[in-house]
Every structure is written in C-alpha cells, then in structure tokens.
Amino acid sequence: MNPTRDNKGYVYLIGAGPGDPGLITVKGRDCIGRADVILYDYLANDALLQHARPGAELIYAGKVGGSHNREQWQITELLVEKALAGNVVARLKGGDPFVFGRGGEECEALVAAAISFEIIPGITAGIAAPAYAGIPLTHRDFTTSVAFVTGHESPGKEASAIDWQSLSLGSGTVVFYMGMKNLSQIAANLMANGRSPETPVALIRWGTRPDQQVLTGTLADIAETAHKVGFKPPAITVVGEVVRLRERLRWFDSRPLFGRGILVTRAADQVGEFSKMLAELGAQVFECSTISIVPPESPEELAVALDGLARYDWLIFTSFNAVKYFFAQLHAKGLDTRAIGACRVCAVGPKTAAALEAHGLRADLVPADYKAEGVVEEFRKIPVAGKRILFPRADKARDLIPKVLAEMGAEVVAPVAYRNVSPDRLPEEALQALEEGRIHCVTFTSSSTVEHLAAMLGENRFLQLLDQVAVAAIGPVTARSCRELGLEVAIEPKEYTLTALTEELLRYFHDKA
Ligand code: SAH
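Taking the numbering used here, I'd label the letters of the sequence shown as residues 522 to 1034.
This is the structure:
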C-alpha cells in the first residue's frame, strides 16, 4: 500500500544491518515487504530480499569498493525516478544509511524532488563487527569514548580533514571504516601523533557473517601482518586497549562449527531447520535443493482413496510431506481430521509424528526404527491379516512396506501423494563454494538427495567435486546410496534424525580440529 495520498511514490531508506540477516530491525523488514521496488547494495545481505513481496522489482545498485557498477549520482537518480513513477521504494543500504552510507545525499535528492521518505536506522558495521569479534567498544577499565572515522581519505591529501591529534591523544577507541587500503598510513598517523605503537588493533572482515575474519596486532605491526596474510576489505579497523578483551570475550568465531562450510542438500519445500541448527553452531551453510516436492501427476489416485477413508483400519505416513499432501487433499474435499475416524495411525520418524500432531492426531504407532524394515517389523507384532491399510507415499518410494504388508495378508492401498522432482542445477553460490574448496562437508538426508545431486552435477563431476569433502548421511539407506555412487561416508549417526546427524557432525569436526 502506498502510504502517500498523492500519486508520488514513497521511499524507505533502510539500514540493512552489517551482514547477519537477523540484524535488521523489525521495521526495516516490514518495509521491505511493502515495497514495489527494492534498490539494494553490495553490503546489504541478499538474504533480506526474501522478505520482498512476490513481484517486487529488485534492483542491484552495485558499488563494490572502487569498481562501482553504478555511480552514486546514478543510484540517486534511479531512486528519484522510481519514486516519481508512483512506487513505494525500499532503498536497502548496508549497516546504517546515515553512517558513511551516503544516505544524507540520497535524502537531499528526495527532498529536492518533494518525495516523502522515512529513515529506518540499521546496526552499523562499526558497532556490529566488534561485537561479533568480542570487542566492547567502551569499557570502564579502558576507555570512555569512541570515534567513528573514515579511513578512505586520500593519503596524499595535504590538509587532512581528520583531526589526528585528538584521535591519537588519550585512550579513546577509534573505529575506522574503509580503512584497509590506507592501513599503514592510518597507523603511522596515530603513532606520529602520540598513540603508543603497542596499542592493540583488530581488523574485522565481513563481520557478523559466517565467513568473518579477525586479525589482531599492534599499531606497529598490523599493516605488515595484514599485507602478509593478504587481508582484504571490507573490514572495520578497531584501535584501542579494548581490543585486548577479545581474547576472553570472543564467542562468535569460537563456536564449534565456525569456519566450516557445509552443503545441505534438501527438498525445496522442507523447512530449513537443519540449516538453522548448523548455522547456530557457527557453520557457513550453503543450501541446495536437490528435490522439489510437487503434487502427483494424477491426484485422483489419492482423492479416490480418501473417498473411502472410513473403511481403512490403518493409515501409514512415512514422511512430513505425505502428511502435508494427505491433509491438503482432505481439506480440498471439504473434510478435516475427523474423517479419519477410528482408523489407527502409524507415523515414521518424529517429524512425521509432529506433523500429525499439528493436525490434532496422535500416532498410535511410532516405530523406533525409521527404516521401512523397522516399520514392517512393528506390523508383524500386530495381526494385520484382513486389515485395510492406506499408505499415501512418494512416487519413488521403496515398495517394501506395501509388499510385505500384503504378504502378511493385509489389503494395502498406496496412492502417490506427492512426487520428488529434481531441479536441474545447483545454486550458483553453492557451486562456486564447492569449486573453490570452501565446502568441507555435504549432508544427505535421503537417497534421493544423493541421487539428485549426482544427476545435477553429472557423475564424474560429482565425484571430483566431493573428493575432499566429508560426506554425512542420515542413515544406512542413504549411506548405501552414497557408496553406490562411489562416495565414502565419513559421518553416519546411529539414530536417523537431524539432531543425531548434527551431533555426529560436531564429533567429526571436533576430532579433526
Ligand atoms: N553504512 C555502512 C558503512 C558503509 S561504508 C554501515 O553503517 O556499516 C563501507 C565500509 O563499511 C566498508 O569499507 C567496511 O569498512 C565497513 N563494513 C561494512 N560492512 C562490514 C562488515 N560486515 N564487516 C566489516 N566491515 C564492514
């Protein structure tokens, strides 16, 4: 909705935060969702674009340090043009729009064009990056002041606009933005004006992101060390005694999976819970949907089975998606959970059981073993001869369950409730990370994830790219599929759950460290 009453557009100048997509304000996120057009920067995390409403126009406004895709005036012009065309525009800028973000200039242009706007502050990198590095910018024992300074000022400039003397005297923390290129000059200026060469310094690159890098040293040696290790922008430079606290207070880059790139192969419609769990442990997670869950080619199969729902004695669900599509079909018929009546329900795996509970159904049988073999074992204990069993399943599911139950004398109806189809390629980011050796582990949570990834990459390339990567498989069936394709399985939990898989992963990397 356009908040203005005339036909002119409206601009939200939004601080996107420093990188961690969780570090945007609630208001900023809401405004992204309201925009017709989103103009976003290099430093604003792309992940925030998922809050855009479908159909919003997304424009990358470029600006990669030095080699600008678009000049600032072009961005400003585009902003004004989009707003004048009547759009609600979200201008998404890294960190805070008014801290070294040229937000002031963009606002001036909006004022000149009489376009209404709002500023939504963001967490600036100069505050967030030190926080994620475990460096409090002020601390009663060390300093009572902090200054934010641009490090971008041309070193050749005769009369510096920066008051080096007052920055150097006393013990105030100094935070430089854009200071990598001029690092040695910055350090020299501070020392020449009285800061001790022993003053600790921290460089924080890509702060708050899972690939955050921190380098520490002193005013005397930091420039040389940075040069030696090839430390690159974008980075924040923190100068001051507070940097010493990092040793005790670091938390972000000391989490158990920090620095580990993990490729999570998963079904497109699956919830990203596993990825979230890994990210919280510090891993850099790349997601790759190897499976999209789509409706069956002939939904009538399930629809017909549901017509006779009352005649079944048992309903078996072996996946979250089976539950999802079963209920979607049930609801489409104008029915609800009551249609299941006295029919007993078997759920394989805790996720499946939880999905059922969300529909008010408690499973009568939850086999301890999640494999098809485990399920039929449970049914051996129950007299199923003559019983009618409905088993809504995936198109490519193994037919062990219906086969064995039929052998036991049950009448089994197993309609296809959904299909697994394979997208034809990997997301660019994941592929690039694989090629550059930034992925240390790949996780497979079903045989189809393995098979589909192999199909997407081509078998040779699949083996070649995964050669140095630790393979994690959720259970023996998935592990067997890995081996059949020529992979060695390094991580395989005893219990076939994502939590157990995560624990096994932690153990593996702990042993490696
Ligand atoms: N408006 C932004 C700053 C833009 S200037 C803000 O408030 O954060 C660009 C500079 O910001 C970079 O050169 C770098 O010094 C710093 N920067 C931005 N994001 C960063 C990050 N995630 N980690 C470290 N430095 C970052």
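Using N, Cα and C, we set each Cβ at its ideal position, and we do this for glycine too.
My guess is that residue i and residue j are in contact by the Cβ rule of under 8 Å, so how many angstroms apart are they, rounded?
i    : j    : result
G728 : P539 : 6 Å
A951 : F807 : 4 Å
A537 : L613 : 5 Å
L947 : A975 : 12 Å between Cβ atoms; not a contact.
P923 : A938 : Actually they are not in contact, since the Cβ atoms of P923 and A938 sit about 13 Å apart, beyond 8 Å.
S689 : R716 : 5 Å
V750 : G738 : Actually they are not in contact, since the Cβ atoms of V750 and G738 sit about 10 Å apart, beyond 8 Å.
Would you mind sorting residue i into buried or exposed? The rule is 16 or more other CB atoms within 10 Å of its CB.
i     : result
V825  : exposed
F1030 : buried
A831  : exposed
Q850  : buried
P817  : buried
R787  : buried
D916  : exposed
D617  : buried
P718  : exposed
A744  : buried
T1020 : exposed
Roughly how many whole angstroms lie between the Cα atoms of residue i and residue j?
i     : j    : result
I814  : W772 : 38 Å
I725  : A654 : 7 Å
F619  : G530 : 21 Å
E894  : D920 : 11 Å
F669  : L600 : 28 Å
A682  : Q595 : 27 Å
I1012 : I812 : 22 Å
E592  : P575 : 28 Å
D557  : H961 : 39 Å
H572  : E794 : 18 Å
D774  : G803 : 7 Å
V735  : V760 : 13 Å
A606  : P871 : 52 Å
K603  : V609 : 8 Å
R1028 : T966 : 18 Å
E898  : G979 : 37 Å
With DSSP collapsed to three states, give me the class of residue i.
i     : result
L851  : helix
A633  : helix
F838  : strand
Y939  : strand
F912  : coil
C864  : coil
A994  : strand
H748  : helix
I640  : strand
F795  : helix
E1009 : coil
R946  : coil
I903  : coil
Pull up the DSSP beta-bridge partners for residue i, would you.
i    : result
P721 : T739
E578 : V558
F697 : V670 and T758
Q805 : G782
G536 : K614
F965 : A994
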